[in-house]
Amino acid sequence: MKRPKVFIAKPIPVEVENYIARHCDYKKWEHEKEIPREILLKEVADCDGILLTGHKIDEELLSNAPNLKIVSNISVGYNNFDIAAMKKHNVMGTHTPYVLDETVADLVFGLILASARRISELDRFVKEGKWEAGDDKIFFGVDVHHATIGIIGMGRIGEAIAKRAKLGFDMNVLYYNRTRKTAFEEKMGVKYRDLEALLKESDFIVLMTPLTKETYHLIDYKEFNLMKKSAIFINASRGQTVNEEALIDALQNKKILGAGLDVFDKEPIDPDNPLLKMNNVVTLPHIGSATAKTRFDMAMLAAKNLVKGVLGEVPPNLVPE
Ligand code: DGY
């Protein structure tokens with residue numbers, strides 16, 4: 416039988432590459448800098464499968480790759496897929512759920528603590544030699560323990576955040592989700608709220624919903640106006656789930672206290688983005704799942720999805736439609 420041809424669009428661990436090599440012929444992009452679009456289009460033209468993270472899969476690419484059976488994303492988010500175009504071209508899409516849930520939840524707690532206790536700001540302060548003896552009120556932050564956290568999007572990562580909030584920090588946990596999770600509510604003692612009530616009641620608001628047509632700019636001017644002036648806003652989902660202009664307005668006009676952001680409207684963020692000038696905003700370069708072990712597990716899971724797909728089997732982690 417003819418071996419399938421695949422393209423690996425980003426560097427992956429050697430063990431994962433060896434796994435793919437056992438089943439497929441492959442070409443790869445091995446540079447740290449992202450593959451330019453025109454090279455990607457050229458490389459995938461004769462391929463049965465592609466392994467990538469977040470590159471746009473649209474009509475142009477699909478009509479340029481007539482043999483394509485599967486695109487395997489090394490990420491849980493799949494907003495880079497034009498699902499309708501993939502359906503039309505009969506191309507499967509897969510992602511990497513489960514393996515990153517706890518790692519992303521850890522990072523969210525990092526953002527919560529860093530924002531509430533001003534860790535990045537005060538780290539800079541100490542390193543710049545500004546620490547002087549005297550009244551230390553200028554270092555005060557706000558408590559995380561026993562505060563109210565509102566989680567928007569109670570998927571697996573949302574649940575992992577709720578678990579940390581409840582068991583580790585004795586927080587009052589509210590959530591908003593498309594569907595209610597009554598078993599989880601009972602098990603963890605978390606409470607469902609509609610979006611408006613959650614925004615009004617929460618000290619920490621964590622946005623953890625996937626980016627879809629429905630969640631695009633879910634948090635906008637109206638939503639920031641509902642939040643407490645003391646609220647801290649955390650986003651580790653996708654930049655476009657919030658209207659970034661409304662977020663900047665809320666921070667500049669002190670409608671909220673601060674923010675912890677792992678994701679942005681444009682990534683990498685422009686160096687002149689006002690968010691980067693604000694001391695009450697913690698910014699990270701989209702590192703939710705970025706630990707060596709989790710990224711290895713994600714790459715291996717994506718490779719397994721890819722191989723199943725090119726061999727004509729149904730991969731386990733097809734993206735929901
Ligand atoms: C994902 O996998 O979608 C996350 O954003 C990675 O951090």
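Mapping to my numbering: the sequence shown position 223 is 638, numbers consecutive. Using N, Cα and C, we set each Cβ at its ideal position, and we do this for glycine too.
These are the residues, in chain order, with a beta carbon less than 5 Å from any non-hydrogen atom of the ligand DGY: S490, V491, G492, G703 and S704.
Between E601 and L589, the alpha-carbon positions lie close to 13 Å from each other. The beta strand (DSSP E) runs of length 3 or more contained entirely in the region 495–573 are, from start to end of the chain, 507–509 and 563–567.
Non-local C-beta neighbours of F639 in its own chain, meaning closer than 6 Å and more than five positions away in sequence, comprise A661, A665 and K670, ordered along the chain.
Annotation: I465 to C439 spans about 11 Å, alpha carbon to alpha carbon. In this structure R595 is in contact with Y607, their Cβ atoms being roughly 5 Å apart against a cut-off of 8 Å. Where Y441 is concerned, the enclosing beta strand (DSSP E) starts and stops at D440 to K443.
With contacts defined by Cβ atoms closer than 8 Å, Y434 and V734 do not form a contacting pair.
The beta carbon of R418 lies closer than 8 Å to those of H438, C439 and D440 in the same chain, with the five residues before and after it left out. Contact annotation, I576 with V523: C-beta distance approximately 5 Å; criterion of less than 8 Å satisfied.
Partner residues in the beta bridge of A674, as assigned by DSSP, are F648 and V696. For the pair L526 and G675, the CB atoms are nearer than the 8 Å cut-off. Counted as a single uninterrupted DSSP element, the alpha helix (DSSP H) harbouring V459 occupies residues R452 to V459.
Taking the CA atoms as reference points, E574 sits about 42 Å from A548.
Contiguous alpha helix (DSSP H) elements confined to the region 705–729 occur at 707–725, taking only those with 4 or more residues. Between I649 and V696, the alpha-carbon positions lie close to 10 Å from each other. Taking C-beta atoms as the reference points, I572 and V514 fail to come closer than 8 Å.
With fewer than 16 neighbouring CB atoms inside 10 Å of its own CB, R539 falls in the exposed class.
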